[in-house]
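Below is one structure, written out as structure tokens, with a few remarks after it.
In the numbering used here, the protein residues as written are 1415 to 1503.
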């Protein structure tokens, strides 16, 4: 199954400003999808609540990726990428 990955404007901007590549983000998403598929994989994924209901947080060190997974249409929308203290604001 082929997944599409879409980025919000702010997520694209964060990638451009920081030393992180699109490929690193794609690898995180691939790991998360394997995790959702039932594989025992070392990744920190959590379902969010409140204003972020329906989104998942993927944590890697101090970096946070907030993404929405549409399993029916095989689309991942990356809403936000930021450092730990700033991402939820």
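Backbone N, C-alpha and C fix where the C-beta goes; we use that ideal spot for every residue, glycine too.
{"Item": "May I have the straight-line CA-CA distance separating residue 1452 from residue 1423, to the nearest angstrom?", "Value": "31 Å"}
{"Item": "Residue 1555 and residue 1448: beta carbons closer than 8 Å?", "Value": "The requested residue 1555 is not part of the displayed model; the chain covers only 1415 to 1503."}
{"Item": "Between the alpha carbons of residue 1497 and residue 1475, how many angstroms are there, rounded?", "Value": "9 Å"}
{"Item": "Locate the alpha helix (DSSP H) running through residue 1448, then write down its first and last residues.", "Value": "1436-1450"}
{"Item": "Compare the Cα-Cα distances from residue 1444 to each of 1417, 1469, 1429, 1434 and report the closest residue.", "Value": "1417"}
{"Item": "If we count the other Cβ atoms within 10 Å of its Cβ and call it buried at 16 or more, is residue 1421 buried or exposed?", "Value": "buried"}
{"Item": "Out of 1468, 1499, 1483, 1500, which has the shortest C-alpha to C-alpha gap to residue 1442?", "Value": "1483"}
{"Item": "Using C-beta distances below 7 Å, list every residue in its chain close to residue 1427, excluding the 5 sequence neighbours before and after it, in chain order.", "Value": "none"}
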